[in-house]
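Right, one structure below, let's go through it.
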Ligand SMILES: Cc1cc2nc3c(=O)[nH]c(=O)nc-3n(C[C@H](O)[C@H](O)[C@H](O)COP(=O)(O)O)c2cc1C
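Residue numbers (the UniProt record's numbering): 1 to 173.
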């Protein structure tokens, strides 16, 4: 069983999750940045990792996801918001809808990732009442995001894709 893990990252969070997931598949998984535009031919499973940009998969991942045909696909992502938020759920749903209907979605994982301090500094400049202004709730969320992805996230991500691997090997999917 051959697996390709393709990831998109600006500041490294999504790459860390990709590398953790690779451990599940050991030598049977190839890891490549999305910029390499790796061919999906010959792989039994394609895992695509993206960072969340304005409530969607980032631009490079969008293009890669849209290009896949007739593949078993898993998605993973990192974002600033809480992983159990509507924002995270909607992001994953909308991103998975980029997949052509000839593909099969096998599993998803999403967790927080430290937000680029340059973005946080920009938020701080917005006046009170601005939709992106700093509020105590936003500060708490960014502080929590700064601790991710962490070991617990890696463990959860691995569990999701270890189960996908099991199902694939068992011929259940
Ligand atoms: C330009 C930009 C837009 C972002 N948009 C969102 C967003 O819409 N929702 C969200 O929860 N996080 C958002 N984030 C936070 C990133 O998705 C998050 O920090 C992610 O872990 C970055 O991953 P990376 O280190 O792999 O680049 C944004 C970050 C940047 C820089």
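Glycine is no exception: its CB is placed at the ideal position from the N, C-alpha and C atoms.
Euclidean distance between Cα positions of residue i and residue j
i           : j           : result
residue 36  : residue 29  : 16 Å
residue 161 : residue 138 : 31 Å
residue 53  : residue 66  : 16 Å
residue 6   : residue 22  : 10 Å
residue 38  : residue 25  : 18 Å
residue 127 : residue 142 : 18 Å
residue 129 : residue 171 : 53 Å
residue 97  : residue 48  : 13 Å
residue 151 : residue 92  : 22 Å
residue 166 : residue 101 : 23 Å
residue 55  : residue 155 : 25 Å
residue 136 : residue 31  : 39 Å
residue 163 : residue 58  : 26 Å
residue 84  : residue 61  : 22 Å
residue 140 : residue 146 : 10 Å
Cβ-Cβ separation, residue j to residue i (assumed contact under 8 Å), whole Å
i          : j           : result
residue 51 : residue 108 : That belief does not hold up - the Cβ atoms of residue 51 and residue 108 are roughly 15 Å apart, past 8 Å.
residue 34 : residue 111 : Incorrect: roughly 19 Å between the Cβ atoms, too far for contact.
residue 75 : residue 95  : 6 Å
Same chain, Cβ closer than 8 Å to residue i, neighbours up to 5 away in sequence not counted
i           : result
residue 179 : With the chain covering only 1 through 173, there is no way to say anything about residue 179.
residue 104 : 71, 72, 73, 173
residue 168 : 1, 44, 45, 72, 106
residue 134 : 123, 124, 126
residue 158 : 20, 21, 23, 24
residue 116 : 10, 11
residue 186 : Nothing about residue 186 can be read from this structure; the chain reaches only from 1 to 173.
Test: residue i CB closer than 7 Å to a CB of chain C
i          : result
residue 55 : No chain C appears in this structure, which consists of one protein chain only.
Contacting residues, own chain, Cβ-Cβ under 7 Å from residue i (five flanking each side not counted)
i           : result
residue 40  : 4, 46, 68, 71
residue 144 : 112
residue 42  : 2
6 Å Cβ shell around residue i - same chain, five flanking residues per side excluded
i           : result
residue 87  : 81
residue 132 : 123, 126
residue 90  : none
Continuous alpha helix (DSSP H) assignments of at least 4 residues falling wholly in the UniProt domain "Flavodoxin-like" (4-161): Whole alpha helix (DSSP H) segments, 4+ residues: 13-25, 59-67, 86-96, 117-125, 136-145.
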